[in-house]
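Chain order of the listed sequences is W and S. According to the working numbering, the residues represented by the first sequence are 1 to 216, in order. According to the working numbering, the residues represented by the second sequence are 217 to 432, in order. Ideal Cβ placement from N, Cα and C applies to all residues, glycine included. Keep in mind that this is a model prediction, so the values were computed, not measured.
There are 2 protein chains.
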Amino acid sequence: MDAMDNCTDSKDRILDKAEALFAEKGFHAVTVREITQAAHCNLAAVNYHFGNKQNLYLEVFRTRWMPRARRVQACFKDVLSTQDGRSLAGIVHALAEAFLKGPLTDDERLCHSQLMIREMAKPGLATDMLVDEVIKPFFGDLVVLLGPYLPENGERERVMLDIVSIFAMVIYFNFARVPVTRVTGQEYDEVFKERLVEHIVRFCLKGLDMDKKEGA
Amino acid sequence: MDAMDNCTDSKDRILDKAEALFAEKGFHAVTVREITQAAHCNLAAVNYHFGNKQNLYLEVFRTRWMPRARRVQACFKDVLSTQDGRSLAGIVHALAEAFLKGPLTDDERLCHSQLMIREMAKPGLATDMLVDEVIKPFFGDLVVLLGPYLPENGERERVMLDIVSIFAMVIYFNFARVPVTRVTGQEYDEVFKERLVEHIVRFCLKGLDMDKKEGA
DNA sequence: GTTTGTATAAAACAAATGTTTTAATGTCAA
DNA sequence: TTGACATTAAAACATTTGTTTTATACAAAC
Numbered sequence: 001m002d003a004m005d006n007c008t009d010s011k012d013r014i015l016d017k018a019e020a021l022f023a024e025k026g027f028h029a030v031t032v033r034e035i036t037q038a039a040h041c042n043l044a045a046v047n048y049h050f051g052n053k054q055n056l057y058l059e060v061f062r063t064r065w066m067p068r069a070r071r072v073q074a075c076f077k078d079v080l081s082t083q084d085g086r087s088l089a090g091i092v093h094a095l096a097e098a099f100l101k102g103p104l105t106d107d108e109r110l111c112h113s114q115l116m117i118r119e120m121a122k123p124g125l126a127t128d129m130l131v132d133e134v135i136k137p138f139f140g141d142l143v144v145l146l147g148p149y150l151p152e153n154g155e156r157e158r159v160m161l162d163i164v165s166i167f168a169m170v171i172y173f174n175f176a177r178v179p180v181t182r183v184t185g186q187e188y189d190e191v192f193k194e195r196l197v198e199h200i201v202r203f204c205l206k207g208l209d210m211d212k213k214e215g216a
Numbered sequence: 217m218d219a220m221d222n223c224t225d226s227k228d229r230i231l232d233k234a235e236a237l238f239a240e241k242g243f244h245a246v247t248v249r250e251i252t253q254a255a256h257c258n259l260a261a262v263n264y265h266f267g268n269k270q271n272l273y274l275e276v277f278r279t280r281w282m283p284r285a286r287r288v289q290a291c292f293k294d295v296l297s298t299q300d301g302r303s304l305a306g307i308v309h310a311l312a313e314a315f316l317k318g319p320l321t322d323d324e325r326l327c328h329s330q331l332m333i334r335e336m337a338k339p340g341l342a343t344d345m346l347v348d349e350v351i352k353p354f355f356g357d358l359v360v361l362l363g364p365y366l367p368e369n370g371e372r373e374r375v376m377l378d379i380v381s382i383f384a385m386v387i388y389f390n391f392a393r394v395p396v397t398r399v400t401g402q403e404y405d406e407v408f409k410e411r412l413v414e415h416i417v418r419f420c421l422k423g424l425d426m427d428k429k430e431g432a
């Protein structure tokens, strides 16, 4: 093993193609042969590098999905710190900005969402990792961030539902591209995505309806 | 073939179990043997009654999913006609009522949602049927219903996004039970579901922000 | 130069899986 | 009863699929 391979390491190529295929079709619908052919390497390479198919799936999350999730969160905090600080509108805008535009390319975002959605719809091999290391901590951050806008002390559940609702919007528009396109006739081009961000921010900001302290 | 079988027709039993398993695990993750064992019938029964596995999947949608979707829509129109008519609040409330409580049992609703979500996440065998015969028509109905509340004539896209957003909320809270439960600590019991309906109605009603003609 | 360890390739294996075949069973009509 | 038809049961079949084995090429270490 050295540098100057054909292109990149075959291990990396397998991870790349495996992620794309798992995202598109789901774990069971993808075969090891399909992956290795797409990665232009031998069938045995998967078992050589990763032991078995399940482990490859987990490695995809460890080495691809998790770092990307962290990048998105970092972007969120970045936007948050550079703009008008901690206003409610600023927080919601930063969320939409990070998750719908953010540091990811469009392909990356689609792939990323689909992988997550599959794990959320039915608990799978990577669900624990995903929930414990990404979703829960980030959710906790948001609770703290939105704390000042709480109506009262006893309304903790209300805030949880509000936060989840923002994610509902963000996630749904990423995962339901097909029906949205077929029903509205709108393609997911740049201009439509821009409109989407605008819409989500407006809808959620109104929906939150937290007119206690600082407003927009 | 006659009545007085062991319990019900084996064809029906296969459809029942197949639907539950397809909903839970997805098409590829379920085997024909798994289905026939759950349905207490012979392996060949699937191919005898339905030709092949794909056709069974389609039959599940034709004979199970579609009728249920129609029942939910009928319930929506029912609620709509019996309550305060055509106010915006009434429409949103009827939507939430029909889709989150409505005529389905909790198990049915979960099963129903999961099947739909899988088809929406990745276009599959039943996507055309689902979109053309259920989603599109119902979407059209809603556009008409919400027409009077349009801000202007040129804002058709805005209304589409608003409608889709309501579905985003309703669908998301059905499909993301696992992460919602694990993040908030809330089980999906009756009291929590009641709170959910309340929340969705409030959030969407505010989010729609259509203060043109009659208000709530 | 030999050895060692790593990566790739080709072939083989064993289990799983969708499908088909063939036989058996039961029901209803003639 | 007989014959046609529908349903169920058991076994076999042909692929597919995840995994393992064996062999080969190649670079670095001794």
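(1) Could you have a look at Tyr188/W and say whether DSSP puts it in helix, strand or coil?
(2) What residue from Tyr365/S, Leu377/S, Val399/S has the CA that sits closest to Val201/W's CA?
(3) Compute the Euclidean distance between the alpha carbons of Ser297/S and Gly207/W, then round it to the nearest angstrom.
(4) Starting from Ile91/W and walking both ways along the alpha helix (DSSP H), at which residues does that stretch end?
(5) In terms of residues, what are the limits of the alpha helix (DSSP H) holding Arg111/W?
(6) Less than 9 Å between CB atoms is the rule here; does Lys206/W satisfy it with respect to chain S?
(7) Contact between the region 320 to 334 of chain S and the region 381 to 392 of chain S: three or more CB pairs below 8 Å?
(8) For Leu15/W, I'd like the list of residues in its chain whose CB is within less than 7 Å of its CB, leaving aside the five on either flank, ordered along the chain.
(9) Assuming the contact rule is C-beta atoms closer than 8 Å, His433/S and Lys233/S should be a hit. Round their C-beta distance to whole Å, please.
(10) Hey, quick one: how far does the alpha helix (DSSP H) through Ala261/S stretch, first residue to last?
(11) Check distances from the C-beta atoms of the region 120 to 146 of chain W to those of chain S and list, in chain order, the residues that come in under 8 Å.
(12) Is Met66/W close to chain S? Criterion is C-beta to C-beta, closer than 9 Å.
(13) From Arg158/W to Arg287/S, what distance separates their C-alpha atoms?
(14) Name the residue from Glu313/S, Glu250/S, Leu304/S, Val262/S whose alpha carbon lies nearest to the alpha carbon of Glu410/S.
(15) Spatial neighbours of Gln54/W within its chain, please: C-beta separation below 7 Å, excluding the five flanking residues on both sides.
(16) Where are the alpha helix (DSSP H) runs, 4 residues long or more, that stay fully inside the region 114 to 183 of chain W, in chain order?
(17) According to DSSP, simplified to helix, strand and coil, what is Pro67/W?
(18) According to the neighbour-count rule (16 or more other Cβ atoms, all chains shown, within 10 Å of its Cβ), is Val92/W buried or exposed?
(19) Determine the contact status of Arg284/S and His328/S, defining contact as a CB-CB distance below 9 Å.
(20) Return the Cβ separation of Ala29/W and His244/S in integer angstroms, given the expectation that the two are a contact with Cβ distance under 8 Å.
(21) Could you tell me whether the Cβ of Arg195/W comes closer than 9 Å to any Cβ of chain S?
(22) Using a Cβ-Cβ cut-off of less than 8 Å, list which residues of the region 235 to 249 of chain S approach chain W; keep chain order.
(23) Using alpha carbons as the reference points, say which of Arg109/W, Ala89/W, Asn52/W, Leu56/W lies closest to Leu145/W.
(24) Assuming Val413/S contacts Lys293/S (C-beta within less than 8 Å), just tell me the rounded distance between them.
(25) Return yes when the Cβ of Met385/S is within less than 9 Å of the Cβ of Met169/W, no when it is not.
(26) With respect to the alpha helix (DSSP H) encompassing Arg278/S, which residues constitute its N-terminal and C-terminal limits?
(27) Can you check whether the C-beta of Arg109/W is within less than 9 Å of a C-beta belonging to chain S?
(28) Could you give the distance in angstroms between the alpha-carbon of Arg182/W and the alpha-carbon of Thr321/S?
(29) Which class does Cys41/W belong to by DSSP, given the choice of helix, strand or coil?
(30) Give a yes or no on whether the minimum CB-CB distance between Ala312/S and chain W is below 9 Å.
(31) Could you tell me whether any Cβ in chain S is nearer than 9 Å to the Cβ of Tyr172/W?
Walking through what the data contain:
(1) Working through the first sequence from its first residue, we reach residue 188/W at position 188. DSSP, reduced to helix, strand and coil, places Tyr188/W outside both helices and strands of the structure shown, so it counts as coil.
(2) Within the first sequence, numbered from 1, the residue matching residue 201/W stands at position 201. Answer by Cα proximity: Leu377/S.
(3) In the second sequence, residue 297/S corresponds to position 81, counting from 1. In the first sequence, residue 207/W corresponds to position 207, counting from 1. So the two alpha carbons sit approximately 26 Å from each other.
(4) Residue mapping note: residue 91/W aligns to position 91 of the first sequence, counting from 1. Per DSSP, Ile91/W belongs to the alpha helix (DSSP H) from 88 to 96.
(5) As a position in the first sequence, residue 111/W is number 111, starting the count at 1. This sequence places Cys at residue 111/W; Arg is not what is there. First-last of the alpha helix (DSSP H) with Cys111/W: 106 to 121.
(6) One-based indexing of the first sequence puts residue 206/W at position 206. Chain S contact via Cβ: present.
(7) Inter-segment contact for the region 320 to 334 of chain S and the region 381 to 392 of chain S is present: three or more beta-carbon pairs are separated by less than 8 Å.
(8) One-based indexing of the first sequence puts residue 15/W at position 15. Here the set comprises Glu59, Val60, Thr63, Arg64.
(9) The shown model of chain S, from 217 to 432, leaves out residue 433/S, and the question about it has no answer.
(10) In the second sequence, counting from the first residue as 1, residue 261/S sits at position 45. Unbroken alpha helix (DSSP H) run through Ala261/S: 261 to 266.
(11) Going along the region 120 to 146 of chain W in chain order, one finds Met120, Ala121, Lys122, Pro123, Thr127, Val131, Ile135, Lys136, Phe139 with a Cβ nearer than 8 Å to chain S.
(12) By 1-based counting over the first sequence, the position of residue 66/W is 66. No, no contact with chain S.
(13) Within the first sequence, numbered from 1, the residue matching residue 158/W stands at position 158. Within the second sequence, numbered from 1, the residue matching residue 287/S stands at position 71. One C-alpha to the other measures close to 31 Å.
(14) Here residue 410/S corresponds to residue number 194 of the second sequence, with the count starting at 1. For Glu410/S, the closest alpha carbon among the candidates Glu313/S, Glu250/S, Leu304/S, Val262/S is that of Glu313/S.
(15) For the purposes of this step, residue 54/W is taken as the residue at position 54 of the first sequence. The beta carbon of Gln54/W sits closer than 7 Å to those of Leu125, all from its chain and outside the five residues before and after it, given in chain order.
(16) The alpha helix (DSSP H) runs lying completely inside the region 114 to 183 of chain W and spanning 4 residues or more are 127 to 130, 136 to 146, 156 to 175, given in chain order.
(17) Position 67 of the first sequence, counted from the first residue, corresponds to residue 67/W. Pro67/W carries a helical assignment under DSSP once its states are collapsed to helix, strand and coil.
(18) Within the first sequence, residue 92/W is the residue found at index 92, counting from 1. Buried is the call here.
(19) Locating residue 284/S in the second sequence gives position 68, counting from the first residue. Locating residue 328/S in the second sequence gives position 112, counting from the first residue. Yes. Within cutoff.
(20) Within the first sequence, numbered from 1, the residue matching residue 29/W stands at position 29. Within the second sequence, numbered from 1, the residue matching residue 244/S stands at position 28. In this structure Ala29/W is in contact with His244/S, their Cβ atoms being roughly 4 Å apart against a cut-off of 8 Å.
(21) Within the first sequence, the letter at position 195 stands for residue 195/W. Cβ-Cβ to chain S under 9 Å: yes for Arg195/W.
(22) For the region 235 to 249 of chain S, the set of residues with a beta-carbon nearer than 8 Å to any beta-carbon of chain W comprises Glu240, Lys241, Gly242, Phe243, His244, Ala245, in chain order.
(23) Taking the first residue of the first sequence as position 1, residue 145/W is located at position 145. The option with the nearest alpha carbon to Leu145/W is Ala89/W.
(24) The sequence position of residue 413/S within the second sequence is 197, counting from 1. The sequence position of residue 293/S within the second sequence is 77, counting from 1. Not confirmed; about 18 Å, so no contact.
(25) Counting from one through the first sequence, the residue named residue 169/W turns up at place 169. Counting from one through the second sequence, the residue named residue 385/S turns up at place 169. Taking 9 Å as the cut-off, the beta carbon of Met169/W is found closer than this to the beta carbon of Met385/S.
(26) Position 62 of the second sequence, counted from the first residue, corresponds to residue 278/S. Judged by DSSP secondary structure, Arg278/S falls outside any alpha helix (DSSP H); it is assigned neither H nor E.
(27) On the first sequence, residue 109/W is found 109 positions in, with the first residue counted as 1. For Arg109/W, the answer is no, since every Cβ of chain S falls outside 9 Å of its Cβ.
(28) For the purposes of this step, residue 182/W is identified with residue 182 of the first sequence, where counting begins at 1. For the purposes of this step, residue 321/S is identified with residue 105 of the second sequence, where counting begins at 1. One C-alpha to the other measures close to 29 Å.
(29) Taking the first sequence and counting its residues from 1, the one referred to as residue 41/W is at position 41. Judged by DSSP in its simplified three-state form, Cys41/W adopts coil rather than helix or strand.
(30) Here the question's residue 312/S lines up with position 96 in the second sequence. The beta-carbon of Ala312/S is placed no less than 9 Å from the nearest beta-carbon of chain W.
(31) As a working mapping, residue 172/W is identified with position 172 in the first sequence. With respect to chain S, the C-beta atom of Tyr172/W has a partner C-beta closer than 9 Å.
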